[in-house]
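To keep things clear, I will list the structure first and then write my remarks on it.
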Ligand SMILES: Nc1ncnc2c1ncn2[C@@H]1O[C@H](COP(=O)(O)OP(=O)(O)O)[C@@H](O)[C@H]1O
Ligand SMILES: [Mg+2]
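Protein chains in written order, with this note's numbering: chain A, 657 to 796; chain B, 136 to 261.
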């Protein structure tokens, strides 16, 4: 987790405002995963994590956007995706990251599961201001 | 308007083959359609074929588990068939083991499970 992420080949930004935007986020992230030559299992893990995070942006963040692209660090290439909203924020991060905890009607596995499925996971949130979740999956 | 996943009836089995990237609304619609069709047709089994499905996240995973429970209550058995290895690996890491969902590797094995359950005669050997 040391060194800065260097963007490689530009970043794509997409809105997450409607149900079908979540599908589009999955397509975007899958295309990047293919470009990055992630293994099939790693592609599947990353796209699944992206699906969870995009849904949270929509459902709990009240909508927002994703920015995604390829990144390099120390000779490695990966896919980075950042999910941003200016919704209510998360008052208790540890609780939100607990398996099975949900404030809605979900399974409470989106945040905690997404964290397990990626290599890097950063959550920034402020009550009343919004939430940004950034993830990276590195090619092996 | 979101698309709807077609539900086919073959004898007393309902067959759903998911061939599209599912929006959450489509997932919810499918769950309701299946419950209604089980009652309307008196089906004894449901096969959900996810061979073409590239990812199963917690929303779709919950639908599979809920559909299995609902169908059981309506006197039908659900079998999920064709899960890709990468999907299985990802689901477990996500924290969803789908304990209450019967699975089979392919459609043929799934139908065989349902036949055994409902005591129907096996299909004629070809
Ligand atoms: N972008 C967000 N904005 C506000 N709250 C969020 C956000 N993402 C997650 N949360 C909170 O974290 C909880 C856990 O999220 P998650 O693990 O995805 O489970 P679920 O979506 O099933 O509720 C949510 O119920 C919600 O309270
Ligand atoms: Mg969630």
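Ideal Cβ positions, reconstructed from N, Cα and C, are used throughout, including at glycine.
Taking the straight line between their C-alpha atoms, what separation do you get for residue i and residue j?
| i | j | result |
| --- | --- | --- |
| residue 261 of chain B | residue 244 of chain B | Model confidence at residue 261 of chain B stands at a pLDDT of 46, short of 50, so the residue's coordinates are unreliable and nothing is read from them. |
| residue 738 of chain A | residue 233 of chain B | 29 Å |
| residue 143 of chain B | residue 749 of chain A | 44 Å |
| residue 701 of chain A | residue 729 of chain A | 21 Å |
| residue 169 of chain B | residue 202 of chain B | 8 Å |
| residue 181 of chain B | residue 193 of chain B | 21 Å |
| residue 207 of chain B | residue 217 of chain B | 21 Å |
| residue 689 of chain A | residue 237 of chain B | 31 Å |
| residue 151 of chain B | residue 188 of chain B | 12 Å |
| residue 772 of chain A | residue 697 of chain A | 13 Å |
Show which residues of chain A have a CB atom less than 9 Å away from the CB atom of residue i.
| i | result |
| --- | --- |
| residue 231 of chain B | 763, 765, 769 |
| residue 215 of chain B | Ordered by position in chain A, no residue passes the 9 Å Cβ test against residue 215 of chain B, which lies about 17 Å from the chain. |
| residue 221 of chain B | 695, 696, 697, 698, 699, 700, 701 |
| residue 164 of chain B | Going along chain A, no residue has its Cβ under 9 Å from residue 164 of chain B, so there is no contact; the nearest lies around 11 Å. |
| residue 139 of chain B | Per Cβ cutoff of 9 Å: no residues; residue 139 of chain B is ~14 Å from chain A at best. |
So which residues on chain A does residue i lean against when the C-beta distance must stay under 7 Å?
| i | result |
| --- | --- |
| residue 193 of chain B | 708, 762, 763, 765, 766, 769 |
| residue 185 of chain B | The contacting residues do not exist; residue 185 of chain B stays about 13 Å from chain A at best. |
| residue 170 of chain B | Going along chain A, no residue has its Cβ under 7 Å from residue 170 of chain B, so there is no contact; the nearest lies around 18 Å. |
Quick one: which chain B residues come within Cβ less than 8 Å of residue i?
| i | result |
| --- | --- |
| residue 711 of chain A | 159, 192, 194 |
Assuming residue i and residue j form a contact by the criterion Cβ under 8 Å, report the distance between their Cβ atoms to the nearest whole angstrom.
| i | j | result |
| --- | --- | --- |
| residue 736 of chain A | residue 685 of chain A | Actually they do not touch by this definition, with Cβ atoms about 10 Å apart. |
| residue 225 of chain B | residue 704 of chain A | 5 Å |
| residue 727 of chain A | residue 662 of chain A | 6 Å |
| residue 745 of chain A | residue 782 of chain A | 5 Å |
| residue 741 of chain A | residue 784 of chain A | Contact doesn't hold; Cβ gap of about 12 Å is too wide. |
| residue 770 of chain A | residue 693 of chain A | Contact flag wrong, Cβ pair sits at about 22 Å. |
Can you pull the chain B residues whose beta carbon is under 7 Å from the beta carbon of residue i, in chain order?
| i | result |
| --- | --- |
| residue 775 of chain A | Result: empty, since nearest Cβ-Cβ is about 13 Å, beyond 7 Å. |
| residue 729 of chain A | Result: empty, since nearest Cβ-Cβ is about 23 Å, beyond 7 Å. |
Which residues of chain A have a Cβ atom closer than 8 Å to the Cβ of residue i, listed in chain order?
| i | result |
| --- | --- |
| residue 225 of chain B | 697, 700, 701, 704, 773 |
Restricting to runs no shorter than 4 residues, where is the alpha helix (DSSP H) found entirely within the stretch 204–243 of chain B?
Every alpha helix (DSSP H) stretch that sits fully inside the stretch 204–243 of chain B and reaches 4 residues is listed by chain position as 220–229.
Hey, which residues come within less than 6 Å of ligand 2, measuring from Cβ to any heavy atom, in chain order?
In chain order, the hits are A:708, A:711, A:712, A:762, A:766.
Whole beta strand (DSSP E) elements within the stretch 694–778 of chain A, 3-residue minimum:
Counting whole runs of 3 or more residues, the stretch 694–778 of chain A contains the beta strand (DSSP E) stretches 720–729, 732–741.
What are the start and end residues of each continuous alpha helix (DSSP H) run of 4 or more residues lying completely inside the stretch 661–689 of chain A, in chain order?
Listed in chain order, there is nothing to give.
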